[in-house]
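> Dumping the structure here so I can ask a few things about it.
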Amino acid sequence: MKIARFSHEGAIAFGIVDDDELVVLEKDPMFAGFGTTGERVALSSVKLLSPVIPRSKVVVMGSDFFASAAAEAEAEAESIPREPTLVIKPNTSVVGPGEAIVLPAQSTDVRVAGSLAIIIGTFAKNVAVDDVESVIFGYTIATDVSAQDLAVADGNSARATAFDSFCPLGPVIETEFDVDQVVVHGRINDAQFQNGDTELQVHSIAEIVAFASSIFTLLPGDVILTGSPGLTGSLGATVSAGDTVQVEIPGIGVLANPVRRAA
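For the sequence shown, the positions run -9 to 253 when the working numbering is used.
What follows is the structure in structure tokens.
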């Protein structure tokens, strides 16, 4: 089931995608279930918004993909332990489909990478791997934006990833998404910069959520970016004002955002 958050005739609402229409829901389904108003609106008549605004945070996985199948086999053979690395983005970094990625004045090297995003559906703390499915509401697409030059200058990613507009999400939440092998395509102005799948992912979706919940409480609406497979450059693709970034995950859709320089 695909869930959209949208604006229509001055009001913000949620709806279930049904072909080229939205079945309007009474309230936010994450908290109030899937009761409908009986109204339908055409998808073409609405503006899609970020399908969720995290209550507290966006959690971003660091490099979570083996460079090759050989590297994966070597790590397994040597039993190399590898805990996930995490970066936190504020919820103010979130924008929706069609909204601009704004290049900050402080940076001259802003990069993008596409990622599958997990939407947490309930309070989650110290969740066991086997129980993770019960705390996930669904999945959406994320564009992970960072200012690489600031990350180098600071020695960490705290400032580099935190700017407003540095986490586009959308276009919808898919509540029944198959995560066994996720394919991610990334394009800038129709030129591909990313094409990969999760075959070489170090940690499973369940392991990622369980690990994050062992550190801090995950709240309903929190988002976890699971990493970026298949990048042509390991740090993402550089964008400039006037570009359009598109990230596609079959089964969810396409997230498109223009890029502009801060005023």
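The beta-carbon is built from N, C-alpha and C at its ideal position, and this holds for glycine as well.
As the structure is a computational prediction, the values presented were derived from the model and not from experiment.
What do you get for aspartate 212, buried or exposed, if any count of 16 or more other CB atoms within 10 angstroms of its CB means buried?
On the sequence shown, position 222 is the one that residue 212 refers to. Label assigned to aspartate 212: buried.
> Over what stretch of residues does the alpha helix (DSSP H) that includes valine 119 continue unbroken?
Residue mapping note: residue 119 aligns to position 129 of the sequence shown, counting from 1. No alpha helix (DSSP H) holds valine 119; DSSP gives it neither H nor E.
> By how many angstroms is the C-alpha of isoleucine 242 removed from the C-alpha of glutamine 171?
Translated into positions along the sequence shown, residue 171 becomes position 181. Translated into positions along the sequence shown, residue 242 becomes position 252. One C-alpha to the other measures close to 13 Å.
> Under the three-state reduction of DSSP, which class applies to leucine 12: helix, strand or coil?
Position 22 of the sequence shown, counted from the start, is the residue given in the question as residue 12. Residue state, collapsed to three classes: strand.
> Tell me the DSSP secondary structure of proline 210 in three-state form.
Translated into the one-based positions of the sequence shown, residue 210 becomes position 220. DSSP places proline 210 in coil when its eight states are reduced to three.
> Leaving out five residues on either side along the sequence, give the residues of the same chain with a beta carbon under 7 Å from the beta carbon of methionine -9.
As a first step, residue -9 is located in the sequence shown; it is residue number 1 there, counting from the start. Closer than 7 Å at Cβ, skipping near neighbours: Ile6, Thr165, Glu166.
> Counting pairs of beta carbons, one from the stretch 103 to 112 and one from the stretch 142 to 151, are three or more of them closer than 8 Å?
At 8 Å Cβ cutoff, the stretches do not touch.
> Buried or exposed, going by whether 16 or more other CB atoms sit within 10 Å of the CB of proline 19?
Your numbering for residue 19 matches position 29 in the sequence shown. Counting Cβ neighbours within 10 Å, proline 19 comes out buried, since at least 16 surround it.
> On a Cα-Cα basis, can you pick out the residue from Val84, His(-2), Ala246 that is closest to glutamate 238?
Counted from its first residue, the sequence shown places residue 238 at position 248. The shortest C-alpha separation from glutamate 238 is found at Ala246.
> For glycine 176, which option in Thr133, Ala231, Phe24 has the closest C-alpha, if you only look at C-alpha atoms?
By 1-based counting over the sequence shown, the position of residue 176 is 186. Per the Cα distances, Thr133.
> Go ahead and pull the three-state DSSP assignment for proline 240.
Numbered from 1 along the sequence shown, position 250 holds the residue referred to as residue 240. Looking at proline 240 - three-state DSSP - the assignment turns out to be coil, as it is neither helix nor strand.
> Taking Cβ to Cβ, would you say valine 77 is nearer than 8 Å to alanine 227?
For this step, residue 77 is matched to residue 87 along the sequence shown. For this step, residue 227 is matched to residue 237 along the sequence shown. In this structure, alanine 227 does not lie closer than 8 Å to valine 77 by Cβ.
> Are the Cβ atoms of threonine 207 and alanine 118 separated by less than 8 Å?
Translated into the one-based positions of the sequence shown, residue 207 becomes position 217. Translated into the one-based positions of the sequence shown, residue 118 becomes position 128. Going by C-beta atoms, threonine 207 is not nearer than 8 Å to alanine 118.
> Considering only C-alpha positions, which residue in the set Ile43, Pro248, Val14 is nearest to aspartate 233?
For the purposes of this step, residue 233 is taken as residue 243 along the sequence shown, with counting starting at 1. Among Ile43, Pro248, Val14, the Cα nearest to that of aspartate 233 is on Pro248.
> Secondary structure at alanine 63, three-state DSSP: helix, strand or coil?
Position 73 of the sequence shown, counted from the first residue, corresponds to residue 63. Note on alanine 63: pLDDT 43, under 50, position unreliable in the model; the coordinate value appears next. Helix.
> What do you get for proline 240, buried or exposed, if any count of 16 or more other CB atoms within 10 angstroms of its CB means buried?
Locating residue 240 in the sequence shown gives position 250, counting from the first residue. Exposed: under 16 other Cβ atoms inside 10 Å.
> Answer yes if the stretch 212 to 222 comes into contact with the stretch 177 to 193, meaning at least three C-beta pairs across the two stretches below 8 Å, and no otherwise.
Yes, the stretch 177 to 193 touches the stretch 212 to 222.
> Using the C-alpha atoms, what's the distance from lysine 79 back to serine 155?
Translated into the one-based positions of the sequence shown, residue 155 becomes position 165. Translated into the one-based positions of the sequence shown, residue 79 becomes position 89. Distance between the alpha carbons of serine 155 and lysine 79: 11 Å.
> For methionine 51 and isoleucine -7, what's the separation of their Cα atoms in angstroms?
For the purposes of this step, residue 51 is taken as residue 61 along the sequence shown, with counting starting at 1. For the purposes of this step, residue -7 is taken as residue 3 along the sequence shown, with counting starting at 1. Straight-line Cα distance between these residues: approximately 24 Å.
> When DSSP builds the beta bridges, which residues end up paired with phenylalanine -4?
As a first step, residue -4 is located in the sequence shown; it is residue number 6 there, counting from the start. DSSP lists Ala3, Leu38 as partners of phenylalanine -4.
> Within a Cβ cutoff of 8 Å, which residues of the same chain sit near glutamate 11, ignoring the five residues on either side of it in sequence?
Here residue 11 corresponds to residue number 21 of the sequence shown, with the count starting at 1. For glutamate 11, where only same-chain residues beyond five positions count, the Cβ hits under 8 Å are Arg30, Val31, Ala32, Leu33.
> Starting from the C-beta of alanine 95, find all residues in its chain whose C-beta is less than 6 Å away, skip the five residues before and the five after it, and write them out in chain order.
For the purposes of this step, residue 95 is taken as the residue at position 105 of the sequence shown. Closer than 6 Å at Cβ, skipping near neighbours: Ala252.
> Below 6 Å CB to CB, which residues in the same chain sit around threonine 27 once its five sequence neighbours on both sides are set aside?
By 1-based counting over the sequence shown, the position of residue 27 is 37. Counting only Cβ-Cβ distances below 6 Å, and skipping sequence neighbours, we find Val14, Glu16.
> Could you tell me the boundaries of the alpha helix (DSSP H) in which glutamate 29 lies?
Here residue 29 refers to the residue found at position 39 when the sequence shown is read from its first residue. Glutamate 29 -> not in any alpha helix (DSSP H); beta strand (DSSP E) instead, spanning 26 to 32.
> Can you give me the Cβ contacts of threonine 98 inside the same chain, cut-off strictly under 8 Å, excluding the 5 residues immediately before and after it?
Reading the sequence shown from its first residue, position 108 is the one you call residue 98. Closer than 8 Å at Cβ, skipping near neighbours: Asp139.
> Short of 7 Å in beta carbon distance, which residues of its chain neighbour glutamate 189, apart from the five on each side in sequence? Order them along the chain.
Sequence index remark: in the sequence shown, residue 189 carries index 199 (1-based). Hits under 7 Å: Gln171.
> Look up glutamine 138 in the DSSP assignment and say whether it is helix, strand or coil.
By one-based count along the sequence shown, residue 138 stands at place 148. If DSSP states are grouped into helix, strand and coil, glutamine 138 belongs with the helices.
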